[in-house]
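Throughout the sequence shown, residue numbering follows the numbering used here, covering -7 to 282 in sequence. Scroll down for the structure; my scribbles are underneath it.
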Amino acid sequence: MRDYQIVTDSTADLAVSVLEKIDVTVIPMEFHIDGKSYHNYPDEREYNMQEFYAGLKAGKTSTTSQINQQTFLEVFEPILREGKDVLYLGFSSGLSGTYQSSLLAAEELRSRYPEAKIVCVDTLAASGGEGLLVYTAACKKAEGMDIDALAQWVADNRLHLCHWFTVDDLFHLKRGGRVSPTVAVIGTALGIKPVMHVDNEGHLIPMEKVRGRRRSLDALVDHMVKTCDPKEGQTIFISDGGAREDAEYVGKQVRSRCKVKEIVYSTIGPVIGSHSGPGTIALFFFGAER
-7 MRDYQIVTDS TADLAVSVLE KIDVTVIPME FHIDGKSYHN YPDEREYNMQ EFYAGLKAGK
53 TSTTSQINQQ TFLEVFEPIL REGKDVLYLG FSSGLSGTYQ SSLLAAEELR SRYPEAKIVC
113 VDTLAASGGE GLLVYTAACK KAEGMDIDAL AQWVADNRLH LCHWFTVDDL FHLKRGGRVS
173 PTVAVIGTAL GIKPVMHVDN EGHLIPMEKV RGRRRSLDAL VDHMVKTCDP KEGQTIFISD
233 GGAREDAEYV GKQVRSRCKV KEIVYSTIGP VIGSHSGPGT IALFFFGAER
């Protein structure tokens, strides 16, 4: 059986501490701020996330670019040259054209390496949701699961990966077209915080509105209690947009209400953070359904 390499993109927001434990290649996506372009490396070598979120709070605007076909060719081909196969677990096609670029690259490379397997799976996930799926897949690879079985496992389980978000600044959602200008103005004045999730098509969808930051954080845990089996201990991810104290509050609530094995905290990177804004808190876990 040929060895294979799992590849994902930096929208998975995998913490360096997690990447040190698993064998995963991460493709950095691009973002643009202050008229310059940067790559979103997990170790923040090009742009510090604390400075990134401070900039957004100060009024800076960040935009993002999807990974193009050429970048996928440059990442996949060296792996194939080593005699390995490739399993790409990609950012939701409901949020980006990145996955489609991976398919084009895979099709081109199959003609050059007919003996190799290049499998691309749309995770239909984002941020730590994508990250938790990739992390779990990497653990299963380490246990000996082959590429075909693992690709099927991801496809079978991706809709059990639950994403629950809340944001602190409605104006970032307004810029991305997620809420109207009127909702942003009135909601901010009334202290309304949206609670959102990623649906089965991989789109970010507003689900409810609550008044007050603390209630919005509690609402994330409420949704976990409804769909996560409290008897089943699992590793969960909690990500934040420069608001670690709030993320840890959510973690404490989760531990008091659900049985979890481990909580992994990470920072929401600039690709997702450009659209969700500072103060975003996101909770990711496996549940009965999204």
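Backbone N, C-alpha and C define an ideal beta-carbon position, used for all residues, glycine too. Computed from a prediction, not measured in an experiment: that's the story for all the values here.
Are the C-beta atoms of residue i and some chain C residue less than 9 Å apart?
i, result
"I273", "Absent from the structure: chain C. Only one protein chain is present."
Less than 9 Å separating the beta-carbons of residue i and residue j?
i, j, result
"A97", "Q61", "yes"
"G47", "I25", "yes"
"Y127", "G265", "no"
"H189", "H215", "yes"
"V187", "A211", "yes"
"S84", "T56", "no"
"G7", "T259", "Reading the sequence as shown, one finds Ala at residue 7 and not Gly. Yes. Within cutoff."
"D1", "T90", "yes"
"R282", "H155", "yes"
"V113", "D140", "no"
"D138", "Y257", "no"
"R284", "V202", "Nothing can be reported for residue 284: it is not among the residues displayed for the chain, which extend from -7 to 282."
"F276", "G123", "yes"
"G225", "K253", "yes"
"T227", "I255", "yes"
"G51", "F229", "no"
Leaving out five residues before and five after residue i in sequence, what residues of the same chain have Cβ atoms less than 6 Å from its Cβ?
i, result
"A130", "I(-2), I14, V16"
"E200", "V187"
Let me know if residue i comes out buried or exposed under the rule of 16 or more other beta-carbons within 10 Å of its beta-carbon.
i, result
"N192", "exposed"
"R150", "buried"
"V67", "buried"
"N40", "exposed"
"E22", "buried"
"D238", "buried"
"T53", "exposed"
"A274", "buried"
"S94", "buried"
"V217", "exposed"
"G234", "buried"
"P262", "buried"
"P34", "buried"
"G299", "With the chain covering only -7 through 282, there is no way to say anything about residue 299."
"K185", "buried"
Under three-state DSSP, which class holds residue i?
i, result
"D1", "strand"
"G82", "strand"
"R(-6)", "coil"
"D283", "Residue 283 is absent from the model: the chain starts at -7 and stops at 282."
"P20", "coil"
"Y250", "Reading the sequence as shown, one finds Cys at residue 250 and not Tyr. It is coil, neither helix nor strand."
"R203", "strand"
"C131", "helix"
"Y39", "coil"
"S88", "coil"
"K185", "strand"
"K28", "strand"
"P198", "strand"
"L95", "helix"
"T272", "coil"
"I14", "coil"
"D114", "strand"
"I71", "helix"
"L6", "coil"
"V256", "strand"
Only counting the same chain, and skipping five residues up and downstream in sequence, which positions put a Cβ closer than 7 Å to that of residue i?
i, result
"K133", "I(-2), L142"
"S119", "T3, D5, S231, I260, I264, A274"
"I71", "Q(-3), V78"
"E38", "Y30, H31"
"K49", "P270"
"A108", "L72, D77"
By Cβ distance, which residues of its chain are closer than 8 Å to residue i, with the 5 residues on each side in sequence left out?
i, result
"L209", "T158, D238, Y241, V242, Q245, I273"
"E100", "Q61, L65"
"V146", "L81, V113, T115, L125, A129"
"I197", "M188, H189, V190, D191"
Less than 8 Å between the CB of residue i and some heavy atom of the ligand GTP, yes or no?
i, result
"H155", "Among the components of this structure there are no ligands whatsoever, and the ligand GTP is therefore not found."
Quick one: measure Cβ to Cβ for residue i and residue j, integer angstroms, because I've assumed they're closer than 8 Å.
i, j, result
"D161", "G269", "4 Å"
"S103", "Q58", "The pair is not a contact, with the Cβ atoms about 24 Å apart (cut-off 8 Å)."
"R(-6)", "K76", "7 Å"
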